[in-house]
Amino acid sequence: MSVEGYVVVYVARIRSPAWRCGERHRLGDMEQRILGGTGRDVSVVGLGTWQLGADWGDVSDDDALGVLEAAAESGVTFFDTADVYGDGRSEQIIGRFVSEHPELPLTVATKMGRREAQDPANFTLAKFREWTDRSRRNLGVDRLDLVQLHCPPTPVFSSDAVYDALDTLVAEGAIESYGVSVETVDEALAAIAHPGTATVQIILNAFRLKPLDRVVPAARDAGVGIIARVPLASGLLSGRYSEQTTFAADDHRTYNRHGEAFDVGETFSGVDFDEGVKAAREFASLVPEGATPAQAAIAWLIAQDGVTTVIPGARSAEQARANAAAASIRLPDGFDDAVHRIYDTHFRATVHPRW
Numbered sequence: 000m001s002v003e004g005y006v007v008v009y010v011a012r013i014r015s016p017a018w019r020c021g022e023r024h025r026l027g028d029m030e031q032r033i034l035g036g037t038g039r040d041v042s043v044v045g046l047g048t049w050q051l052g053a054d055w056g057d058v059s060d061d062d063a064l065g066v067l068e069a070a071a072e073s074g075v076t077f078f079d080t081a082d083v084y085g086d087g088r089s090e091q092i093i094g095r096f097v098s099e100h101p102e103l104p105l106t107v108a109t110k111m112g113r114r115e116a117q118d119p120a121n122f123t124l125a126k127f128r129e130w131t132d133r134s135r136r137n138l139g140v141d142r143l144d145l146v147q148l149h150c151p152p153t154p155v156f157s158s159d160a161v162y163d164a165l166d167t168l169v170a171e172g173a174i175e176s177y178g179v180s181v182e183t184v185d186e187a188l189a190a191i192a193h194p195g196t197a198t199v200q201i202i203l204n205a206f207r208l209k210p211l212d213r214v215v216p217a218a219r220d221a222g223v224g225i226i227a228r229v230p231l232a233s234g235l236l237s238g239r240y241s242e243q244t245t246f247a248a249d250d251h252r253t254y255n256r257h258g259e260a261f262d263v264g265e266t267f268s269g270v271d272f273d274e275g276v277k278a279a280r281e282f283a284s285l286v287p288e289g290a291t292p293a294q295a296a297i298a299w300l301i302a303q304d305g306v307t308t309v310i311p312g313a314r315s316a317e318q319a320r321a322n323a324a325a326a327s328i329r330l331p332d333g334f335d336d337a338v339h340r341i342y343d344t345h346f347r348a349t350v351h352p353r354w
């Protein structure tokens, strides 16, 4: 694997609102931004690895490692995973890749909190130690770069005891930084209010604009990094689906279409599938020559002031390379206004009030 053009960057962990505009530079061929309170430089296009664990159909170990390698070769320095993705399989594959490539300046973020019943009483220091110990074993590291609470019950975000426990993990050296992954704007704002919160991961895409109203500005002002997840609305914004498209039985786009397994907002961003297909056709008509709809959707997110990194998933090396290439896409004047018009027409009335 070629790593020409990479340099290892060491950044002190300092929490300061001075980062709110996101210091930017290039590492190899990919722009890097400081990820909020972690103090770490990460690529503007990261890699979400839900697909490498489960819930999107089967992906072999070789294919999963191929995705990671293609992403890294394309300048991606940020991998996002979780302890429940494939019951730890995603973490284990990433751990193997990182151990084989210690020369790469990678940041790995994982998530915890979905392995047990979603009861606020389970979010304790003892459980956090148990969960992070497991993730450290899976990833093969002594200290986790970034741990995020994985869409826990809403009361957790306002619990001082929870943040005290997370601070204890930092003090003990088990984790370097912590953040949250949220379902709603209000959850994000509650987490941002706590000074130890380094990052917020939230669903943000052309079909889910509400975080741009308050969350992204609040995070920018507080020096909190924004990780934009589900950037393609579970593939809708790729423009590859029709009203007749079906998915495998073990794909969450089948079994969670209406929120049967977890929050419906995680599947197609909570939009009606047929309406999403119609809106995706309109979005595709905006895409400049030389780019795909998926690349344009990612590039649009990168251009939003206050967004640190975007984490599309990939099931193949080709997809990983194409996603990374979005970092170099320049969108035409008027693109942002057109995105907002599509949202207002198709989704504002149904999506905006919910999350």
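For the sequence shown, counting from 1, position 62 maps to 61 in numbering that gives the first Met the number 0; every step adds exactly one.
Glycine is no exception: its CB is placed at the ideal position from the N, C-alpha and C atoms.
Hey, how far is the Cα of residue i from the Cα of residue j?
{"i": "A173", "j": "F96", "result": "21 angstroms"}
{"i": "T183", "j": "R353", "result": "8 angstroms"}
{"i": "A170", "j": "K126", "result": "16 angstroms"}
{"i": "T266", "j": "S241", "result": "16 angstroms"}
{"i": "E72", "j": "A120", "result": "43 angstroms"}
{"i": "V161", "j": "Y254", "result": "32 angstroms"}
{"i": "F334", "j": "K209", "result": "18 angstroms"}
{"i": "T80", "j": "D144", "result": "12 angstroms"}
{"i": "R88", "j": "L67", "result": "14 angstroms"}
{"i": "C150", "j": "E281", "result": "31 angstroms"}
{"i": "G238", "j": "L124", "result": "44 angstroms"}
{"i": "D166", "j": "A221", "result": "18 angstroms"}
{"i": "C20", "j": "A248", "result": "Confidence at C20 is low in this model, with a pLDDT of 39, below 50, so the placement of that residue should be treated as unreliable; the coordinate-derived value is given next. Cα-Cα distance, rounded: 43 angstroms."}
{"i": "G65", "j": "N137", "result": "19 angstroms"}
{"i": "S42", "j": "D82", "result": "22 angstroms"}
{"i": "L297", "j": "T37", "result": "It should be pointed out that residue 297 corresponds to Ile in this sequence rather than to Leu. Taking the straight line joining both Cα atoms gives about 23 angstroms."}
{"i": "Q31", "j": "L103", "result": "14 angstroms"}
{"i": "E186", "j": "T153", "result": "6 angstroms"}
{"i": "A325", "j": "D262", "result": "28 angstroms"}
{"i": "D163", "j": "F122", "result": "11 angstroms"}
{"i": "L51", "j": "R252", "result": "16 angstroms"}
{"i": "A321", "j": "T307", "result": "19 angstroms"}
{"i": "D118", "j": "L330", "result": "44 angstroms"}
{"i": "D332", "j": "D212", "result": "21 angstroms"}
{"i": "H339", "j": "K277", "result": "15 angstroms"}
{"i": "R347", "j": "F246", "result": "26 angstroms"}
{"i": "V58", "j": "R256", "result": "21 angstroms"}
{"i": "I341", "j": "Y177", "result": "35 angstroms"}
{"i": "A116", "j": "A260", "result": "13 angstroms"}
Using a Cβ-based criterion (distance less than 8 angstroms to any ligand heavy atom), does residue i qualify as near the ligand MN?
{"i": "G172", "result": "Ligands in the displayed structure: none, and consequently the ligand MN is not present."}
Which residue from the options puts its Cα closest to that of residue i?
{"i": "L168", "options": "R213, G139, W130, L203", "result": "W130"}
{"i": "G139", "options": "E99, G52, P292", "result": "E99"}
{"i": "A63", "options": "T76, S73, W49", "result": "W49"}
{"i": "V107", "options": "R114, I93, V199", "result": "I93"}
{"i": "A323", "options": "V41, A70, V58", "result": "A70"}
{"i": "G85", "options": "Y342, A187, R114, M29", "result": "R114"}
{"i": "P194", "options": "G35, L208, R142", "result": "G35"}
{"i": "G275", "options": "K209, H345, A321, V229", "result": "H345"}
{"i": "R142", "options": "H149, S134, L148", "result": "S134"}
{"i": "Q91", "options": "D118, A187, T109, D28", "result": "T109"}
{"i": "G381", "options": "V306, R32, V44, D212", "result": "With the chain covering only 0 through 354, there is no way to say anything about residue 381."}
{"i": "L148", "options": "P331, A197, D40, E102", "result": "A197"}
{"i": "L289", "options": "S327, R256, D304, T307", "result": "The amino acid occupying residue 289 in the given sequence is Gly; Leu does not appear at that position. When each option's Cα is compared against that of G289, the closest is S327."}
{"i": "R39", "options": "L105, N137, M111", "result": "L105"}
{"i": "T349", "options": "G65, A337, R207, G178", "result": "R207"}
{"i": "L188", "options": "G224, D166, M29", "result": "G224"}
{"i": "A205", "options": "Q303, D250, R256", "result": "Q303"}
{"i": "Q318", "options": "L46, S59, T37, R340", "result": "L46"}
{"i": "D271", "options": "A283, G305, S233, T291", "result": "S233"}
{"i": "A337", "options": "A283, T245, Q243, R256", "result": "A283"}
{"i": "S158", "options": "P216, D212, V179", "result": "V179"}
{"i": "F78", "options": "K277, Y342, D57, V146", "result": "V146"}
{"i": "G269", "options": "A116, D60, T76, H351", "result": "H351"}
{"i": "H61", "options": "R314, Y342, R347", "result": "First, the residue type needs correcting, since residue 61 is Asp and not His in the sequence shown. Measuring from the Cα of D61, the nearest candidate turns out to be R314."}
{"i": "T76", "options": "R256, V215, P216, I33", "result": "I33"}
{"i": "Q243", "options": "S176, V58, D273, A116", "result": "D273"}
{"i": "G305", "options": "R256, Y177, V214, D132", "result": "V214"}
Any idea which residues DSSP pairs residue i with across the strands?
{"i": "L145", "result": "A108, S176"}
{"i": "D40", "result": "I33"}
{"i": "D79", "result": "G47, A108"}
{"i": "R207", "result": "N204"}
{"i": "I368", "result": "Coverage of the chain is limited to positions 0 through 354, which leaves residue 368 absent and any answer about it impossible."}
{"i": "V309", "result": "V44, A227"}
Since residue i and residue j are thought to touch, with beta carbons under 8 angstroms apart, how far apart are those beta carbons, to the nearest angstrom?
{"i": "I191", "j": "A227", "result": "Actually they do not touch by this definition, with Cβ atoms about 15 angstroms apart."}
{"i": "A295", "j": "L235", "result": "About 13 angstroms separates the two Cβ atoms, so there is no contact after all."}
{"i": "V199", "j": "V181", "result": "6 angstroms"}
{"i": "A293", "j": "L231", "result": "6 angstroms"}
{"i": "L300", "j": "V286", "result": "So it is not a contact: roughly 14 angstroms between Cβ atoms."}
{"i": "G258", "j": "I202", "result": "Actually they do not touch by this definition, with Cβ atoms about 14 angstroms apart."}
{"i": "G74", "j": "M29", "result": "3 angstroms"}
Spell out whether any CB of chain B is found under 9 angstroms from the CB atom of residue i.
{"i": "F122", "result": "The question asks about chain B, but that chain is absent: this structure has only one protein chain."}
What ranges does the beta strand (DSSP E) occupy inside the segment 121-169, keeping only unbroken runs of at least 3 residues that lie completely in it? 143-149
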